[in-house]
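Below: the structure, in structure tokens.
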Amino acid sequence: MKTLEQVKIVEYHDGYAQAVAKMWNESSENWGGDDSVSTAQDIIDTEAKSTNLHLFLAVIGDEVVGYCGLSEYREDEGALYIPLINVHPDYQGLKIGKRLLLTALDKTVELGWPRLDLFTWPGNTKAVPLYKKCGFFWEERDDATHLMNFMPTVLQIEWLRPFFEKHNWYTTSQRVIKIKPDGFKAQDHTVYEYKWEAGDEYVHIQFERTGRRIRRIETQDLTVEMNLPHFKLLENEPHYASYRIINKTASPFQVSISGSSSVVVKHEVEETFEVLDTWSGEFPVQLEMPEVEPNPWKTHPVIGVDLTINQSVLPLRMGVFPIQPGKLHLRSLNKNWRVPHKGKLHLDLESQLDTDSTWIVKLPINKMIQWEEPQVQAQVDAKGRLSIPISGELRKHGFLDEKVEVKVQREDGRTSSFQTRLALAFPGPGAKFGGETEEYWYGYNGPYYVKIEKRNNAVKIGSLRAKEDPLTIMTPKLGKPFNDELSKTAATSVEHIELQEAFVLKTTLESHVFSSVILNTYYKIYGDGLVEITHELINHGLEEKSNLAFLQPIIIPLKGMAMPMKDGVIIGNEADIPFIGTIHSGDLSERWLFTSSASGDTAGLAWQEDAVGKRDDWRFGVMYSIGTLEAGKLQSLGPIQIGINTVPGWRQWRELAAGNETKNLEELPLYGLKVESDGFASEKGEKVDVAFRSRLSSYLQGRLTVHSGEDTFEKEIRKEEASTKITYPLTYHTAGLKTLTGQFRSPGRKADLLALHVVKGTEPVEVSNEEDIWTVDNGTIAFRASSSYYPGVYSVKYKGRETLHHCYPEAGPKAWWNPWGGGIRYAMPNVSPYSMLKEQTSIEAVTKQDQYGHEWTGICLKTAFTEHEEMKGVVLYQYALTLPEIPVAVFYAEIHQGANRTFAGENLSLEAFFKPAEDLKSCYASQPNSGLFHTYYAGIEEYELNDTPFVQIGSDDRKEKATLIHPNARQTAGAYINQEVFLVESVQDWAATSGERTQVEPTVLFFGEETYDKLNHPFHGILFK
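Okay, so the sequence shown: first residue is 1 according to the UniProt record's numbering, each after it adds one.
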């Protein structure tokens, strides 16, 4: 039987990593059904990068059943923070959560911090009552569910210590718990109240929300409180703070009161007096506007005093929001301003006065906007808003940032003025500039931008033309141990640097934890959406810094993700990968990631060899292990590359990030059904394993059903089996291209499965030559070529019936071509068919091995260019190969470059002319299509079909179809159909230095009766030696 007495609270060390991983893996129901899986190493890596000061675990025997982190709050000063708390679902109800929270609270008091914060979600109805019972108040905000606990402050007040030493604060609390935001209004301040009662003794304490401090204390012995007239107070005008003391004892209080002043608040109070029963007083307050307007994430400026009563200090403070008579905002609805362009802007006026007023705004003279009218005058209601359209002409792109003087006349005739700024970006094609508003720093290059939030140094990188949200670059962390100090560190300087090729936004932050260390960060924005982030660490001190590490957290969306792993590139095309935690990021084989959305937006991430990219809790992180940074030395890190719509696909991003010298990688689905054999093919009679697997860390659960044509397999798998793969044995007794179909049904999803598998026969492939007709016959398909006819394969027959369109024995004019030979061939765009026929072509039988060791048999057509001026010295090898008794042929080409020159950026096209029936009008192409039509008939009208991974060719006269799979490395592919021809084409690029031999990826042609709207085939990434 599980009891609370069995629970021990301990601090984490790596010896608990396996048990912590087990707890998280069994806690998915606590987190919306998240089924990501952690390993012991994941936990060790995560905690090594964690900013936790302490990590408390609830342990029963060898089981970890609860988890509670404690770190410094990164959004505000003066608070610790619980970033994550969890109780194993099987152990809830044992008050483990309470034990963990109270342990964290005790540690906060021990460390001398005044407050403990956490975040949750509004629907967390199980935990919110517990949080409140443990002293947390739910702050009413639209942007977050934020809770604050002021018990550390309460327990550190000397006057109250006797009560809490005598009485348990948890059990004597009289607070009413409701599952809604807390607080009541005192004037227009929000106030939270604790109440404890024990017999005749009691303590009531009120905290003001924005100042995060005490405004009222009441016990059986005294009452002290303060009040302000309003939360928002005008700058440079007289205000008064009022205070009251009630003495409920028989002895007088000896009191001193001392005001608290700051850069923003002037509140000079110094008095000493005696209080027999009641005292009250008002003292003047004057405010200056802060550099940055207060925001709900941070403690506001405070007004208050320290009351010393009988030598015990009782601090009273209330938050305040300094204001000017009004606010001005310049806004534009037009995202595409051009130079010169006349258009409307909107000047939004917001009065903060209690009376109606007349405003006169003199628009600033500047180099960017020519105002149609230089001045705006308007009547504004008390506390009202007014939007005034103003006309202007844009003279140049850039950042408008100008001071503006506003004169205000109130109803009673009083006049005043205030100064503010008008700030607005006017980006445009090729325009490079930077600027700042009250909340952000900006850098632009055309539509691409970097936006840095001043309050926490978080960065957004995006494009004005993108539909997707910008990429978030979180505040970096210095370690070890890592901490969040830089999120609360104001930049000491920000520079805008315009280069010929890019625009640079540079920030400088100073570390206090690692004294004398300065961090410079350069955001280099190129005009194509590429942003390079370079970090510089400088040790300005006299002593070296050892064991230094640097972590850059990045929030990258994983929809449409491409992630390079050891066996290929995982393509995230499912709905269940919202977090990096579901990916084995430790298995990354290359230094890049790429995502694409349904809207067409793309984002790429890449890092250099001096960094490691992997999971950082729920984010992705790029980490540098620096080691020792000597005194006076600088260490440059990076760059990290971000690409916003820089390239359309992962292959181009990989090429940009890693260079051209990369091996071919096949695409891998997150979930897949395939036969696990030596490569993609097995032998007839060979026993193989059919596997359904997940490439995510989450375990499979559900029922798998697979039909193989010769067998049906069913298996149920439970999550407790901790497996990402289901396998079963299968033996094929006949050769051919086998189709596997089936279904996987989990508790929340259903998938239809399809896979192809190659089973090789035992009869050898025959290659013959009779009167210059070379024939390759594998018992299922046969294809032919003739060097005297045309340099390509002119005939492919399946079950004795022709599939290609040709005019053997003599090439002639056809449609746009002259001469035209049809069939399948590789063509160079700068070599016409007429020129091609001038060159000598020879044919020979060949056997080639793929990377898996399978032997393919067929022919090679060799064309040595001796006549063509540009291509003289180049040799083109065209291969057509097949396997025994398989209705599959592959076509690829090699180019031997002996022209004593360099070829770069060249194209090589595969042309395939089809005619699977006597009547061209009955022949069709069918392919995946986002439009309404998916099948197009030849011989009738002219069509151009878009690039798709594959195309199926068939006719109304026969059941069997040909499926042509385009190479992954293609530049483009498509089909062209008119009244005379039915052409399918793909284009690949090639480059070679003199003497080099280069190869293009194969195109695969196979036959069968199935129709595919998507295709899971085994031919990805075939390469030949």
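We put the CB at the ideal spot given by N, CA and C, even for glycine.
Nonlocal neighbours in the same chain, by C-beta distance under 7 Å from residue i, ignoring five residues either side
| i | result |
| --- | --- |
| residue 540 | 516, 518 |
| residue 37 | 25, 697, 698, 699 |
| residue 1 | For residue 1, the pLDDT reaches just 47, beneath the cut-off of 50, and the residue's location in the model is therefore unreliable, although a value from the coordinates is still provided. Nothing meets the Cβ criterion. |
| residue 928 | 948, 1013, 1014 |
| residue 200 | 220 |
| residue 1019 | 680, 965, 1004 |
DSSP state of residue i mapped onto helix, strand, coil
| i | result |
| --- | --- |
| residue 318 | strand |
| residue 158 | helix |
| residue 516 | coil |
| residue 38 | coil |
| residue 1026 | The requested residue 1026 does not occur in the structure, where the chain is confined to residues 1 to 1025. |
| residue 326 | strand |
| residue 889 | strand |
| residue 828 | coil |
| residue 871 | coil |
| residue 856 | strand |
| residue 417 | strand |
| residue 6 | helix |
| residue 179 | coil |
| residue 586 | helix |
| residue 925 | strand |
| residue 717 | strand |
| residue 578 | For residue 578, the pLDDT reaches just 49, beneath the cut-off of 50, and the residue's location in the model is therefore unreliable, although a value from the coordinates is still provided. Reduced to three states, the DSSP call for residue 578 is coil. |
| residue 165 | helix |
Enclosing alpha helix (DSSP H) for residue i [first to last residue]
| i | result |
| --- | --- |
| residue 102 | 96-110 |
| residue 835 | 833-838 |
| residue 149 | That residue, residue 149, is in no alpha helix (DSSP H); its beta strand (DSSP E) goes 145-149. |
| residue 654 | 650-658 |
| residue 25 | 17-25 |
Residue range of the beta strand (DSSP E) that includes residue i
| i | result |
| --- | --- |
| residue 989 | 982-992 |
| residue 751 | 750-760 |
| residue 819 | 817-820 |
| residue 193 | 189-198 |
| residue 204 | 201-208 |
Sequence-distant residues of its chain with Cβ nearer than 6 Å to residue i (five each side left out)
| i | result |
| --- | --- |
| residue 538 | 518, 634 |
| residue 83 | 69, 71 |
| residue 578 | Caution applies to residue 578, whose pLDDT of 49 falls short of 50 and renders its modelled position unreliable; the value that the coordinates give is listed next. Excluding positions up to five away in sequence, the list is empty. |
| residue 725 | 691, 693 |
| residue 216 | 206, 225 |
| residue 411 | 355, 356 |
| residue 527 | 445, 446 |
| residue 296 | 141 |
Outcome for residue i when other beta-carbon atoms lying within 10 angstroms are tallied against a minimum of 16
| i | result |
| --- | --- |
| residue 280 | exposed |
| residue 220 | exposed |
| residue 967 | buried |
| residue 209 | buried |
| residue 1007 | buried |
| residue 640 | buried |
| residue 926 | buried |
| residue 261 | exposed |
| residue 847 | exposed |
| residue 255 | buried |
| residue 10 | exposed |
| residue 336 | exposed |
| residue 377 | exposed |
| residue 849 | exposed |
Neighbourhood of residue i by C-beta distance below 8 Å, restricted to the same chain and skipping five residues each side
| i | result |
| --- | --- |
| residue 924 | 935, 936, 937, 938, 953, 954, 955, 956 |
| residue 898 | 873, 874, 875, 994, 995 |
Strand pairing of residue i, partner residues [DSSP]
| i | result |
| --- | --- |
| residue 12 | Looking at the DSSP assignment, residue 12 forms no beta bridge with any residue, so it has no partner. |
| residue 846 | 858 |
| residue 239 | 285 |
| residue 777 | 766, 782 |
Any non-hydrogen atom of the ligand GDP within 7 Å of residue i CB
| i | result |
| --- | --- |
| residue 324 | Annotation note on the ligand GDP: not contained in the displayed structure, which lists no ligands. |
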